[in-house]
Amino acid sequence: MTMDLTPGDIVFLKKGDKVPADLVLLSTSYEDGNCFIETSELDGETSLKRRNGLPATMHASTPAQVTQLAGRIQCELPNENLHKFEGVLYVQGADTAVPDGAHSLSSSQLLLRGSFLRNTDYCYGVVVYAGVETKIFKNLKQGGLKFSTMEDKVNTVVSLAFAYNALMLVVSMILGQQRIADVQKASWYLQAAGYVDLDGTASGLLEMFMNAFILYSYTIPVSLFVIIEAVRVIQRQFMVWDDELKSVNGRPMRVNNSNLNEDLSVVEYVFSDKTGTLTRNEMVLVKVCLGDMVTSVAELLGIKQPTDAMRQLWRCILLCNSAIPSTENGEVTYESQSPDEIALLNGIRAHVQLVQRTKNTVRFTELGVPVEVTILAVLEFNSDRKRMTVVVRDETGTVVAYCKGADNIMVPRLRCPATDPALVATTRHLHDFSEQGLRTLVFAAKPLANDAYARFQAQLDDAARALDDRDARVARVADHYERGFDLLGASAIEDRLQDQVPETIEALLASGIRVWLLTGDKTETAVNIGHSCRLVPRDMTILRIDAPTLPDLAEQMARCWDVVAAAAEGGDQLRCALVVTGDALAMALETCPRELLAIATACMSVICARVSPIQKALVVRLVKTELGVTTLSIGDGANDVSMIQEAHIGVGIEGVEGAQAVRAADFAIVEFRALLRLLSVHGRYSLQRLSYLVVYSFYKNISFITIQFLFGFWNIWSGSTNYSAWMMPYWNVLYTFLPPFLYGFLDKDVPESQLRRYPAAYMSARDASPWVWYRLVAWTVSSIWHTIVQWFGMYWLFDGTGALTVSGFTGDVYQYQWLNGITMLLIVTAKIALQSHYWTWITVAGLVISLILYVLTLGVVEGITLSQLSTGGAIDNIPIGTNSAMYATPAYWFVAAVIPVAALLPDLAVAYWQAQFRPDDATVLREEHAQLMARTYPDLAAVEPGMTKKPSLAAVAPAPITIASEGEALKTTALAPLLAPGATAASPPPRLGARAGD
1 MTMDLTPGDI VFLKKGDKVP ADLVLLSTSY EDGNCFIETS ELDGETSLKR RNGLPATMHA
61 STPAQVTQLA GRIQCELPNE NLHKFEGVLY VQGADTAVPD GAHSLSSSQL LLRGSFLRNT
121 DYCYGVVVYA GVETKIFKNL KQGGLKFSTM EDKVNTVVSL AFAYNALMLV VSMILGQQRI
181 ADVQKASWYL QAAGYVDLDG TASGLLEMFM NAFILYSYTI PVSLFVIIEA VRVIQRQFMV
241 WDDELKSVNG RPMRVNNSNL NEDLSVVEYV FSDKTGTLTR NEMVLVKVCL GDMVTSVAEL
301 LGIKQPTDAM RQLWRCILLC NSAIPSTENG EVTYESQSPD EIALLNGIRA HVQLVQRTKN
361 TVRFTELGVP VEVTILAVLE FNSDRKRMTV VVRDETGTVV AYCKGADNIM VPRLRCPATD
421 PALVATTRHL HDFSEQGLRT LVFAAKPLAN DAYARFQAQL DDAARALDDR DARVARVADH
481 YERGFDLLGA SAIEDRLQDQ VPETIEALLA SGIRVWLLTG DKTETAVNIG HSCRLVPRDM
541 TILRIDAPTL PDLAEQMARC WDVVAAAAEG GDQLRCALVV TGDALAMALE TCPRELLAIA
601 TACMSVICAR VSPIQKALVV RLVKTELGVT TLSIGDGAND VSMIQEAHIG VGIEGVEGAQ
661 AVRAADFAIV EFRALLRLLS VHGRYSLQRL SYLVVYSFYK NISFITIQFL FGFWNIWSGS
721 TNYSAWMMPY WNVLYTFLPP FLYGFLDKDV PESQLRRYPA AYMSARDASP WVWYRLVAWT
781 VSSIWHTIVQ WFGMYWLFDG TGALTVSGFT GDVYQYQWLN GITMLLIVTA KIALQSHYWT
841 WITVAGLVIS LILYVLTLGV VEGITLSQLS TGGAIDNIPI GTNSAMYATP AYWFVAAVIP
901 VAALLPDLAV AYWQAQFRPD DATVLREEHA QLMARTYPDL AAVEPGMTKK PSLAAVAPAP
961 ITIASEGEAL KTTALAPLLA PGATAASPPP RLGARAGD
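Be aware that the sequence shown starts at 1, since it is given in the UniProt record's numbering, and climbs by one per residue.
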């Protein structure tokens, strides 16, 4: 059992077993002591990783042999770094040339808890970290919770509601005391006869305070937060069900944090990775460069007699990688952490094919001839080195070092001068490849004399055994020997853009969203991907900050600032893009981050190339903290996790680089194109629905309780309720629950086809939300007005001069309470009906059910009273016949109809005036949609999507996104609207801000 393991225990694992603790590998079923593990639960990577046993222990392949091993392990303290491990294994009596039997340990010998043993029959390992000391447990830290920006607004409204509550409470206490004094003086006989209990003592005041406090506490809609969470869950499910957000094979998106649904509509900056996010991450080798010759893969297949230079290049490609071959049904496939390596091996497999890779040997076929070489040393690739070197002894006994890496790293390490014709030609071809948006690698090799190799291996072993600063020592040894290479050639790998990426980028820009590209690729590749995806049009000026030193950085930034200032003084829009390299970015973030941000925000687009994962996060943090805007980061790999977690909203793309980004993200989509719909449709709807749901919830409760405050003038502030005892507790949870709840996930202020047609409508969503002070004031005034109208209407009816009931008497307090409840319910229900824009049978049913529930309650209460009478139980003082008396009194019906109409007349007038003279963008879009539907389907009056009978919207809802070359400006932006298929710049859609048909 995992709980029983302690450091020093030996563990036996079989194929498919899950590693129960952090183990140092001792031996495996392979003779060379290697094994393969899958770490998908640790870092999301599904590709297999090799782990290497030590020569001193790999012979122990049976339980008896393993238990006879004696020694000790000295290693670093437990930590959370999954990719780093340093230690030394001292084996007593080991037959080895290493002094004292000391063997250095690294992450290559460590099996992490949570990984799985694959492609290996069995292995033995010794526990070094167990339980809470394992690396995976050290990584189980509580991530920072993300909350919507609307939470602060809701808290503000709650505070204002508390203040309003306190105001009514204070006024009630003051007026109540005054009223008590007046009654005691002028109507003393009422108290003497016991009709009223007017106690002016401290206990009486406390009782009055508690009565008022309990009554006015209904100002705060306690059910609001439950409704918000329920609505968010349903909104989340609508996103998952959305067919347009699914992949071609039907895989839906994922929502990991529905608290941020509404924030999708207020994003101002999008930070995007490139590889696997904008591109497919399906690498294909398309070209190979050998000096002045560029050969396509198709041409390579036709070469029957390759030159020695070609064969050396193929060997470098085949040997200098970490791919693992596997054979199934006679076909060889490759698995690797890097899709580039798989693309390279697949591109040359017609001539050379990898057969087997072990710790010490590589077997392959070259033009059908089996070849085996011995691996002497491997210097792995990482983001700092940006290169990989493999030292081998070939079949002739010659020691050769093969190296591959980025061109800016490899060119300085070549033996040939910068003027060498082959290097000049290769550099030119690399530039051409980058112009085409291709990923490039440079390959080189050099022979090593036996004595030179011996010195290198001795220095490398000494550095690898060091307990302190081991990585730096190994890096220094590698840097010293990784020089003087002979150029072999270069490769160009195509990473194609995903479907509709250019259209999506253009629509995001038209929506007023800034898009920044953050990538680890070389600058030229990043810029050309920017051209391809329309982030940086080819006619746009590019400002570059790629200085290697601080003085150069200061000079470049000053030059860029002059361009920005000149454009600002001339009143022109700065039509340029900023390109920053990783080294320059690191210096700028440390010395002048605000100056860099000022230049970047003045540009239309920003590309950061050759940046590390931490630099991506720092850029996001800089924009988020300094500008105070809502940010969104999107990526698909483990190197994007930091910026995904740093942004307000993190979006992961399910790609081939594992699931770590998806797990860390708040939302996970299957393709980049889905981001536009996620923001412009689901984001907008979520913001509008939840915003008005919150404001409406406070509106209905303020209306509900303010009339209770006015009732105090009528009941001597005695604490008597204005409503039936059944009405108060069920107001929020029964009578007024359904309409706002359904509104929260069904209403659509603008048809989806219009949102796709006009991307700039995205900006108008936040402007149209009720979170503007004058709109909040309008809702508050509306609430108080509705209360006043109802109060005086009820006062007129029940002040003793109103209509008589069928019994010949004026209405009693019970009839007043029930009628007061139904009129208030009619007002608030009609209010949300006026606010709704998207009607379905479910919406109508919710409104009707709310009213029916109230009427049914009246009958149920009267039935309970009859039951109490028949059983002799306690009676709730509800007179029998209240129900029938109300239904038989015409005045009650008249008031129940007139009061809501009178209360809502100003709302109707304001809505009509706004629609006619001050229409917002949503109103214009709805009117245009109605006219478009009427022209398209003349037999049907403007049919909104969602009605029971509706036509197909294929004619008005374009699937592919196209941008008009010319178009009329939106009211809120100068960017051109999107046009449906068939529309032209000569006949653009009506502009927002003007009524359709003008």
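The beta carbon of each residue, even a glycine, is placed where N, CA and C say it ideally should be. Note that the structure is predicted; figures quoted are calculated from it, not measured.
For H103, the three-state secondary structure derived from DSSP is strand.
Using a Cβ-Cβ distance cut-off of 8 Å, the stretch 481-499 and the stretch 441-452 are in contact, since at least three pairs of beta carbons, one from each stretch, lie closer than that value. About 5 Å separates the Cβ atoms of D22 and T134, confirming a contact at the 8 Å cut-off. Per DSSP, the unbroken beta strand (DSSP E) holding K446 starts and ends at R439 to L448. Residue pairing by DSSP leaves W893 without any beta bridge partner. For K831, no beta strand (DSSP E) segment is defined; the enclosing uninterrupted segment is the alpha helix (DSSP H) at V813 to Q835. Boundaries of the beta strand (DSSP E) around P370: V369 to L379. Per DSSP, F147 lies in no beta strand (DSSP E) and is assigned neither H nor E. Within a 10 Å sphere around the beta-carbon of D640 sit 16 or more other beta-carbons, which makes this residue buried. The residue from V270, K49, C560 and A930 with its alpha-carbon nearest to that of L509 is V270.
Check the Cα spacing between L853 and each of L734, E76 and L578: the tightest is with L734. C533 and E503 have their C-alpha atoms some 8 Å from each other.
In the DSSP annotation of this structure, I644 is not part of any beta strand (DSSP E); the continuous alpha helix (DSSP H) holding it starts and ends at V641 to E646. Your pair G530 and D273 does not check out as a contact, with CB atoms roughly 13 Å apart and the cut at 8 Å. In this structure, H59 sits near Q65, with a CB-CB distance shorter than 8 Å. Proximity of the stretch 782-794 to the stretch 814-831 meets the contact definition, three or more beta-carbon pairs being nearer than 8 Å.
E331 is bridged by DSSP to E328. In this structure, the beta-carbon distance from I644 to G635 falls below 8 Å. In this structure, the alpha-carbon of I342 lies about 60 Å from that of F698. The three-state reading of DSSP puts M293 in strand, counting E and B together. Pairing R51 with S108 gives a Cβ-Cβ distance under 8 Å. Around the Cβ of T787, a 10 Å sphere holds 16 or more other Cβ atoms; the residue is buried. Within its own chain, the residues whose Cβ lies closer than 7 Å to the Cβ of I614, once the five positions on either side in sequence are excluded, are S642, listed in chain order. In this structure the stretch 585-603 touches the stretch 560-569; the number of beta carbon pairs closer than 8 Å is three or more. Per DSSP, reduced to three states, the secondary structure at W913 is helical. Straight through space, the alpha carbons of L574 and A567 are spaced by roughly 6 Å. Shown here, I513 sits in coil according to DSSP, grouped into three states, outside any helix or strand. A507 and F917 have their C-alpha atoms roughly 30 Å apart. DSSP, read as helix, strand or coil, puts Y730 in helix. Rounded to whole angstroms, the gap between the alpha carbons of Q556 and P548 is 11 Å. Annotated as proximal: L264 and L678, with beta-carbon spacing under 8 Å. Taking C-beta atoms as the reference points, V332 and P339 fail to come closer than 8 Å.
Here DSSP, grouped into helix, strand and coil, assigns I545 to strand. Nearest to K831 by alpha-carbon distance, out of I513, D907 and Y887, is D907. When DSSP states are grouped into helix, strand and coil, A665 belongs to the coil group. The continuous beta strand (DSSP E) containing M388 extends over residues R387 to R393.
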